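Engineer: Before I ask anything, let me first share the structure, which is written out below as structure tokens.
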Ligand SMILES: CC(C)(COP(=O)(O)OP(=O)(O)OC[C@H]1O[C@@H](n2cnc3c(N)ncnc32)[C@H](O)[C@@H]1OP(=O)(O)O)[C@@H](O)C(=O)NCCC(=O)NCCS
């Protein structure tokens, strides 16, 4: 689905949150690769599971037409600097929920983009009869967990030793959910 564009001004920076469109595909491919190299809080090491521009075109097309998908981008000037997705599972038994994911490039952390992408996604979900938003987050990702709790997510469980990171240690994943009640 698509939502209306929203404008923000935070700590001296203007940016927009809007639905992704076809011509964003190449930029999104590059940005995803960049962010994967900036953090260990996502699933991939840089270059793993690479999605090229045509892959993103397909995702954007799907997310535009499917009723339980939403693909948002955060844009500074004409540069995409963050994005989020809600993805539904199209089986009737999962028709009430979506999976959420978000990332912002490091240079633009702390400007409320993560929060505003999530807020826009929650508003969309709540007004489209989506009962549950789910997400997985690394247990050490305090900032993201604080953000999710602040916007109504609760911890549902822990996946122990879910990932192995560059420190050579195993790390737990926290499963969180937000219920539209
Ligand atoms: C997590 C991420 C999306 C947050 O985006 P962001 O734009 O930097 O965050 P925001 O500026 O919107 O801050 C949102 C909230 O984070 C929390 N937060 C921010 N900085 C924090 C800090 N240093 N310590 C603890 N909490 C912090 C606060 O709750 C803040 O809300 P507030 O502004 O009301 O205080 C971003 O850092 C990111 O992309 N990280 C790498 C990928 C990632 O971790 N994705 C999530 C995987 S589940």
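In our numbering, the protein residues as written are 87 to 267.
Note that the Cβ used here is the ideal one computed from N, Cα and C, for glycine as well.
Because the structure is a prediction, the values reported are computed rather than measured.
Measure the CB-CB distance between residue 137 and residue 191 and report whether it falls below 8 Å.
Structural biologist: For this step, residue 137 is matched to residue 51 along the chain shown. For this step, residue 191 is matched to residue 105 along the chain shown. Going by C-beta atoms, residue 137 is not nearer than 8 Å to residue 191.
Engineer: Can you tell me whether residue 258 is buried or exposed, with buried defined as 16 or more other CB within 10 angstroms of its CB?
Structural biologist: As a working note, residue 258 is residue 172 in the chain shown. So residue 258 ends up on the exposed side.
Engineer: If I follow the unbroken beta strand (DSSP E) through residue 177, where does it start and stop?
Structural biologist: Taking the chain shown and counting its residues from 1, the one referred to as residue 177 is at position 91. Premise fails: residue 177 is in no beta strand (DSSP E) and is neither H nor E.
Engineer: Looking at residue 88 and residue 150, is the spacing between their C-beta atoms short of 8 Å?
Structural biologist: To locate residue 150, count along the chain shown from 1; it is residue 64. To locate residue 88, count along the chain shown from 1; it is residue 2. Contact flag set, yes.
Engineer: Short of 6 Å in beta carbon distance, which residues of its chain neighbour residue 169, apart from the five on each side in sequence? Order them along the chain.
Structural biologist: Taking the chain shown and counting its residues from 1, the one referred to as residue 169 is at position 83. Hits under 6 Å: 159.
Engineer: For residue 249, which residues of its own chain have a beta-carbon under 6 Å away from its beta-carbon, when the five flanking residues on both sides are left out?
Structural biologist: Here the question's residue 249 lines up with position 163 in the chain shown. Taken in chain order, the residues that qualify are 257.
Engineer: Going by Cα to Cα distance, which pick from 204, 148, 153 is closest to residue 235?
Structural biologist: For the purposes of this step, residue 235 is taken as the residue at position 149 of the chain shown. When each option's Cα is compared against that of residue 235, the closest is 204.
Engineer: In terms of DSSP beta bridges, what is residue 184 paired with?
Structural biologist: Numbered from its first residue, the chain shown carries residue 184 at position 98. DSSP, once it has assigned bridges, lists 174, 219 as partnering residue 184.
Engineer: According to DSSP, is residue 101 helix, strand or coil?
Structural biologist: As a first step, residue 101 must be located in the chain shown, where it is residue number 15. The answer is strand: DSSP assigns residue 101 an E or B state.
Engineer: Please confirm whether residue 96 and residue 174 have their CB atoms less than 8 Å apart.
Structural biologist: Here residue 96 corresponds to residue number 10 of the chain shown, with the count starting at 1. Here residue 174 corresponds to residue number 88 of the chain shown, with the count starting at 1. Judged by beta-carbon spacing, residue 174 lies beyond the 8 Å limit of residue 96, meaning their Cβ atoms are not closer than that value.
Engineer: In the DSSP assignment, what residue or residues form a beta bridge with residue 189?
Structural biologist: Counting from 1 along the chain shown, the entry for residue 189 is found at position 103. In DSSP, residue 189 forms a bridge with 169.
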